[in-house]
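Written below as structure tokens is the structure these notes are about.
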Amino acid sequence: MTSQLDVVTGAFSYSGSAIARDLLQRGHRVRTLTGHPGRAPAGTPIEVRPLDFTDERGLAESLAGADTLYNTYWVRFAHGTVTHDVAVANSRTLFDAAAKAGVRRIIHVSITNPSEDSPDPYFRGKAAVERALATCGVPSYAVARPAILFGGDGVLLNNIAWLLRRLPVFAIGGRGDYRLRPIHVDDLAALCVDLGQRTDTTVVDAVGPESVTFRQLVETIRAAVRSRTVLVRVPGKLVPVFADILDVMLRDRLLTADEYASMAAGRADSAGPTTGPTVLTQWIAEHGDRLGRRYASELDRHFRRPG
């Protein structure tokens, strides 16, 4: 009996690799659509096809025979010609190709609290993609809405730890009492694959058991890495300014003004039921020795060529 074929966008990226790994462990065949086919590790059991949004026919051919499409494609921030509006159009092209290919179900990774009225183009774009998914013609779909991911080679917690290992002071905007509800990347993957086995159309927040303030998050990481960095409260409007200075030094995008504003507005929190069991603060305490040893560059991962 032939095992079920599923397609994952970005199966060699962060959340995509966790979903692909979970699918393989459950005995599924996995094909990926990736913008970086040259990064496929030698001997991978995953079939590799290009994620080329200019070739909808090619996308449909690559999706042919697949039961479920797990979509993790998005852009964290605009870079060059790649904007959030472009990402919305690309997502619509992908969904239309899935419908033409006869894909039974799409599992889409979105974000907590998306809104087409949001001042943040990230959250506004995510809402537009969810609307495109609902009208694309695929028989059923599910949306998983994580706020912040941790675990594996995640960027956010690692880079906070990296800074705490090196800076004498760490700026926290305002009182730092805005809340976050992160989920472990493997818990997100398990949730997505479970949703893939269902037939109902549903939207769920992908969140862990803990809602912590940003200050509590930083304090927990500081303790785990044994840092003596002083935490300093600054006006929120200065946080993007400091981040821009670090961006120049690091040749990266550490934090955008929109990201800080959305976090401070509580868009990274959720009152929904727990959908991932891993406890954030416990995980940080257990992995403090490894957190922040190396800086993780978003631009290197997604926009720059290796080497």
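Residue 276 in this note's numbering sits at position 269 of the sequence shown; the count goes up by one each step and never skips.
Virtual Cβ for every residue (Gly too), placed ideally from N, Cα, C.
Taking the beta strand (DSSP E) that residue i belongs to, which residues open and close that run?
i: HIS115; result: 112–116
i: TYR77; result: 75–78
i: PRO48; result: Element bounds for PRO48: n/a, residue is neither H nor E.
i: GLY237; result: Reading the sequence as shown, one finds Val at residue 237 and not Gly. From DSSP, the beta strand (DSSP E) with VAL237 extends over 237–241.
i: ASP13; result: 12–16
Flag this pair as yes or no: are the beta carbons of residue i and residue j separated by less than 8 Å?
i: THR100; j: PHE60; result: yes
i: VAL15; j: TYR80; result: no
i: SER117; j: ARG152; result: yes
i: ILE228; j: ALA275; result: no
i: VAL200; j: ASP29; result: yes
i: VAL95; j: VAL136; result: yes
i: ARG36; j: LEU66; result: no
i: ASP212; j: THR282; result: yes
i: VAL246; j: GLY180; result: yes
i: VAL286; j: PRO216; result: yes
i: GLY34; j: ASP92; result: no
i: THR41; j: LEU58; result: yes
i: PHE130; j: SER269; result: yes
i: VAL55; j: ALA47; result: yes
i: ILE190; j: VAL225; result: no
i: ALA25; j: THR39; result: no
First and last residue of the alpha helix (DSSP H) that includes residue i?
i: ALA213; result: Note, ALA213: premise wrong, no alpha helix (DSSP H); beta strand (DSSP E) at 209–213.
i: ILE179; result: Per DSSP, ILE179 belongs to no alpha helix (DSSP H); it is in the beta strand (DSSP E), 176–180.
i: THR281; result: That residue, THR281, is in no alpha helix (DSSP H); it is neither H nor E in DSSP.
i: LEU40; result: Note, LEU40: premise wrong, no alpha helix (DSSP H); beta strand (DSSP E) at 36–41.
i: GLN223; result: 221–231
i: GLY65; result: 63–70
i: TRP290; result: 287–294
i: VAL192; result: 192–203
i: SER20; result: It is not in any alpha helix (DSSP H) - SER20 carries neither H nor E in the DSSP assignment.
i: ASP4; result: Because the chain in this structure spans residues 8 to 314, residue 4 falls outside the shown range and cannot be described.
Whose CA, out of the options, lies closest to the CA of residue i?
i: ALA197; options: GLY17, GLN32, GLY109; result: GLN32
i: VAL241; options: PHE177, SER20, SER125; result: PHE177
i: PHE157; options: MET256, THR236, ASN166, ALA149; result: ASN166
i: ARG205; options: ILE113, GLY243, SER125; result: ILE113
i: VAL219; options: SER234, ASP184, LEU253; result: ASP184
i: GLY161; options: ASP13, SER10, ARG301; result: ARG301
i: GLY17; options: GLY45, VAL255, LEU261; result: GLY45
i: SER304; options: LEU261, ALA106, ALA71, LEU287; result: LEU261
i: GLN289; options: GLU63, ARG308, PHE84, GLN223; result: GLN223
i: GLY159; options: ALA134, THR263, LEU195, THR208; result: LEU195
i: ALA71; options: LEU306, ASP103, VAL214, ALA268; result: ASP103
i: PRO52; options: PHE19, THR263, VAL82, CYS143; result: PHE19
i: THR142; options: GLU217, VAL82, SER125, THR208; result: THR208
i: ALA108; options: ARG83, ASP127, GLU63; result: GLU63
i: GLY144; options: VAL255, VAL110, SER10, PRO57; result: VAL110
i: PRO128; options: GLY279, VAL286, THR263, PRO280; result: THR263
i: GLY279; options: PRO146, GLU54, ALA25, ALA154; result: ALA154
i: GLY106; options: HIS294, GLU68, PHE130, ILE291; result: In the sequence as presented, Gly is not what sits at residue 106; that position holds Ala. Among HIS294, GLU68, PHE130, ILE291, the Cα nearest to that of ALA106 is on GLU68.
i: TYR267; options: ARG38, ARG83, ALA73; result: ARG83
i: ARG173; options: HIS43, ASP74, LEU253, PRO57; result: LEU253
i: VAL255; options: LEU306, ALA230, ILE291, ALA85; result: LEU306
i: ASP296; options: ALA230, ARG258, ARG308; result: ALA230
i: ALA73; options: SER10, HIS309, ARG258; result: SER10
i: ARG182; options: VAL239, GLU293, ARG258; result: VAL239
What distance in whole Å lies between the Cβ atoms of residue j and residue i, which are believed to be in contact at a cut-off of 8 Å?
i: SER277; j: THR119; result: 5 Å
i: LEU171; j: VAL232; result: 6 Å
i: GLY243; j: ARG186; result: With a Cβ gap of about 15 Å, GLY243 and ARG186 do not count as contacting.
i: ILE291; j: LEU164; result: 7 Å
Item to check | Runs of alpha helix (DSSP H) wholly within the segment 109–170 (minimum 4 residues, chain order) | outcome: 128–141
Checklist entry - For the segment 242–271, which segments carrying the alpha helix (DSSP H) assignment without a break, of at least 4 residues, lie completely within its bounds, in sequence order? => result 246–257, 264–271
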